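Take a look at the structure set out below.
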C-alpha cells in the first residue's frame with residue numbers, strides 16, 4: 029500500500045509539470061553544465077587564448093560546443109598510446125646504453141649564447157647537439173625525388189620512412205617501386221603514414237602491393253568512432269623523415285607527394301617544399317636520432333608492433349648503429365611483386381615557375397633534432413622558437429604556409445621589430461584553408477605597425493617551414509606557425525647552428541621573397557571595415573584552428 033502511494037506521488041508530480049516547469053529545469057541544467065564545463069576548461073587549458081576560444085564556443089553554441097569540447101577540447105593522445113611510447117622509449121634507451129651511445133651531449137660544441145637554447149630541446153627530447161654532418165638543401169621536387177630514389181636503390185640494410193601524407197601519384201610511384209625492389213633484395217623497409225593524411229594511400233592497391241613485396245606499412249594514429257571516445261582524432265602525426273641505412277637522412281616540409289598531382293582543385297597553385305639531405309659516418313648523428321624517433325613511433329602504434337620491437341631491438345641495434353653490418357635474412361616474408369605499379373597519370377598543371385639555384389653540400393654541420401608530441405614533450409619547439417626570437421639581434425625571417433600565432437609569439441615578433449631587428453614573415457598569398465587565411469590576416473596590422481615586413485608569396489602554396497635567426501641559427505622542419513603544430517600535432521624540427529648551412533636556407537628564402545608582394549601598411553589599413561571585422565571574429569577562434 030505504501031509503495032503504491034509513493035509511486036502515485038512520483039507519477040503525479042511529473043505529470044503535473046507544465047512546459048514552463050520543464051523549460052526551467054532545462055535552464056537550470058544548462059547553467060550547471062556551462063559552469064562545470066567552464067571550470068573544466070579553465071582548470072585544464074594552460075593557454076589563455078585557447079581557454080577564451082573554448083568558453084566563447086560553449087556559450088554561443090552550447091550543444092555543439094559541449095560535444096566539440098568532449099571530442100576535441102583536450103590533447104588526449106590516448107592512454108595506451110602513451111604507455112606504448114614510454115615502453116618503446118625505454119627499449120630504445122636501454123639499447124643505446126648497451127651500445128654506449130650517448131644522445132644528450134654536445135652543448136659544449138656551441139657558442140655560449142646558444143647553449144641554453146639547445147638545452148630546452150635536450151631536456152624534453154633527450155637529444156643533444158651532433159657534429160660533423162654533410163648537408164644539402166634540396167629545393168625542388170625533381171631533385172628530392174631523384175636523390176631519394178637513388179639512395180633507396182643503394183640501400184643495403186634498412187629504409188625507415190615517416191610521413192603525414194603519402195599520395196601515390198606521379199613520381200611517388202617511382203619511390204614505391206624502388207622500395208618494392210629494395211625489399212625484394214633483402215632490405216628491411218618500413219613506411220609509417222598518418223591514417224588521415226595518407227587515407228588515399230592506405231586504402232589503395234599501392235599499399236597492398238607494397239606489403240606483397242615485403243614492405244612493412246604502418247598506420248599512424250588510426251581513427252574510428254570508438255577510438256574518438258578515448259582520444260582526439262584530430263591529433264595527427266605531421267612528421268616527415270627518412271633514414272636509409274645508418275648514415276643517410278631526409279627531413280623537411282616535403283611529404284611523399286608529387287605536387288603536380290596534389291590538391292589541384294584548391295586553386296592555390298603547386299605546393300612549394302624543401303628537404304634537407306644529411307649524411308654522417310658517426311654512430312651518433314641526426315640520422316640515428318631520426319631512426320630512434322621513427323622506430324619508437326612505429327612501436328607505439330600497436331601492441332604487436334611493440335612486441336616485435338622488443339623481440340628485434342638487437343636487430344635494430346645492429347642495423348642502425350654498427351657501421352657496415354651484413355644484410356640480415358629478412359626474405360622469409362618477402363614475395364615477388366607480381367603486379368606492376370599503376371601507370372603514371374598525366375599532371376594537371378605544368379612545372380612551377382619558382383626556380384631556386386642548386387645548393388652545394390656543406391661539411392661539418394652542427395645540428396640538433398627536436399621532435400615534439402602532445403602530452404609528451406611540453407611544447408618544446410614552441411618554447412625554443414620564442415626563446416630564439418627574443419635573442420635575435422639582426423634579423424628574423426620566417427616562411428610558413430599557415431601563420432596563426434598566439435599572443436606570446438606575435439608579441440615576441442613585434443618587440444623584436446621595435447628593438448631594431450629586421451623581421452620578415454613570408455606566407456602564401458592564398459592558402460587551402462578559408463578560416464586560416466582570415467585568422468592570419470587578423471594579425472597583419474599590428475605586425476605591420478611594429479615594422480614587421482609581411483611578404484605574400486605568389487608562386488603557389490609556399491609549404492616550406494623555416495626560421496632563420498641572425499646568421500647562425502635556423503629551425504627547419506615540419507612546424508607551421510600555428511597552435512596546432514605547437515600544441516597538438518606530432519612534429520619534428522632540426523636546429524642548425526652552422527652559419528654556412530644557415531646561409532643556404534636564407535638564400536632559399538631570398539628567392540621566395542623575390543616572388544612576393546610586400547604588404548603595404550596604409551593599404552592594408554584601408555580595407556573595408558567588414559573585412560577587418562570578419563578577420564577579427566575568426567581570430568577569436570584561431571587557437572582552435
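In the working numbering, the protein residues as written are 29 to 573. Ideal Cβ placement from N, Cα and C applies to all residues, glycine included. None of these values were measured; they are calculated from a predicted model.
In the DSSP assignment, the alpha helix (DSSP H) including residue i goes from what residue to what residue?
i           : result
residue 541 : 527-542
residue 233 : 233-241
residue 553 : 549-553
residue 438 : 435-446
residue 153 : 140-153
residue 452 : Looking at the DSSP string, residue 452 is not in any alpha helix (DSSP H); the run it does join, the beta strand (DSSP E), is 450-456.
residue 411 : 408-419
residue 515 : Here residue 515 belongs to no alpha helix (DSSP H), and DSSP marks it neither H nor E.
residue 556 : Counting along the chain, residue 556 falls outside any alpha helix (DSSP H), and DSSP gives it neither H nor E.
residue 327 : 314-328
residue 469 : 462-478
residue 174 : 169-182
Taking just the CA atoms, how far does residue j sit from residue i?
i           : j           : result
residue 540 : residue 200 : 25 Å
residue 312 : residue 155 : 10 Å
residue 555 : residue 133 : 52 Å
residue 232 : residue 195 : 10 Å
residue 173 : residue 245 : 20 Å
residue 164 : residue 418 : 28 Å
residue 269 : residue 441 : 29 Å
residue 564 : residue 467 : 7 Å
residue 356 : residue 542 : Residue placement at residue 356 is flagged as unreliable, the pLDDT there being 34, under the threshold of 50; the coordinate-derived value follows with that caveat. The straight-line gap from Cα to Cα measures roughly 50 Å.
residue 429 : residue 462 : 13 Å
residue 85  : residue 263 : 20 Å
residue 88  : residue 514 : 27 Å
residue 443 : residue 434 : 14 Å
residue 448 : residue 422 : 8 Å
residue 562 : residue 224 : 30 Å
residue 378 : residue 282 : Unreliable positioning characterises residue 378 in this predicted model, as indicated by a pLDDT of 43, which lies under 50. The coordinate reading is nonetheless provided below. Roughly 19 Å between the two C-alpha positions.
residue 31  : residue 327 : Caution applies to residue 31, whose pLDDT of 49 falls short of 50 and renders its modelled position unreliable; the model cannot decide the point.
residue 286 : residue 169 : 7 Å
residue 324 : residue 549 : 47 Å
residue 558 : residue 302 : 37 Å
residue 95  : residue 385 : 50 Å
residue 151 : residue 436 : 22 Å
residue 47  : residue 81  : 34 Å
residue 425 : residue 525 : 16 Å
residue 142 : residue 420 : 11 Å
residue 336 : residue 512 : 32 Å
Below 8 Å on the Cβ atoms is my guess for residue i versus residue j; work out the distance and round it to an integer in Å.
i           : j           : result
residue 504 : residue 533 : 6 Å
residue 453 : residue 483 : 7 Å
residue 220 : residue 322 : 6 Å
residue 318 : residue 277 : 5 Å
residue 167 : residue 387 : 7 Å
Should residue i and residue j be called a contact, given that it needs their Cβ atoms to be closer than 9 Å?
i           : j           : result
residue 148 : residue 415 : yes
residue 146 : residue 162 : no
residue 397 : residue 522 : yes
residue 267 : residue 191 : yes
residue 186 : residue 206 : no
residue 64  : residue 97  : no
residue 295 : residue 517 : no
residue 298 : residue 489 : yes
residue 537 : residue 506 : no
residue 451 : residue 481 : yes
residue 604 : residue 211 : The chain is shown from 29 up to 573; residue 604 falls before or after that span and cannot be answered.
residue 158 : residue 275 : no
residue 382 : residue 242 : no
residue 53  : residue 193 : no
residue 455 : residue 427 : yes
residue 204 : residue 176 : no
The beta strand (DSSP E) with residue i in it runs from where to where?
i           : result
residue 277 : 276-280
residue 485 : 481-485
residue 160 : 158-166
residue 424 : 423-427
residue 501 : 501-505
residue 212 : Run containing residue 212: none in the beta strand (DSSP E); it sits in the alpha helix (DSSP H), 200-212.
Identify the residues that DSSP records as bridge partners of residue i: which are they?
i           : result
residue 300 : 490
residue 190 : 220, 269
residue 284 : 194
residue 246 : 220
residue 509 : 431
residue 306 : 163, 277
residue 396 : 523
residue 230 : Partner(s): none; residue 230 has no beta bridge.
Residue i CB to nearest chain C CB: under 9 Å?
i          : result
residue 60 : Checking the listed chains, one finds no chain C in this structure; it contains a single protein chain.
Comparing the CB of residue i with every heavy atom of the ligand MG, is any distance shorter than 8 Å?
i           : result
residue 285 : By its list of ligands, the structure shown contains no ligand whatsoever, and the ligand MG lies outside what it can speak to.
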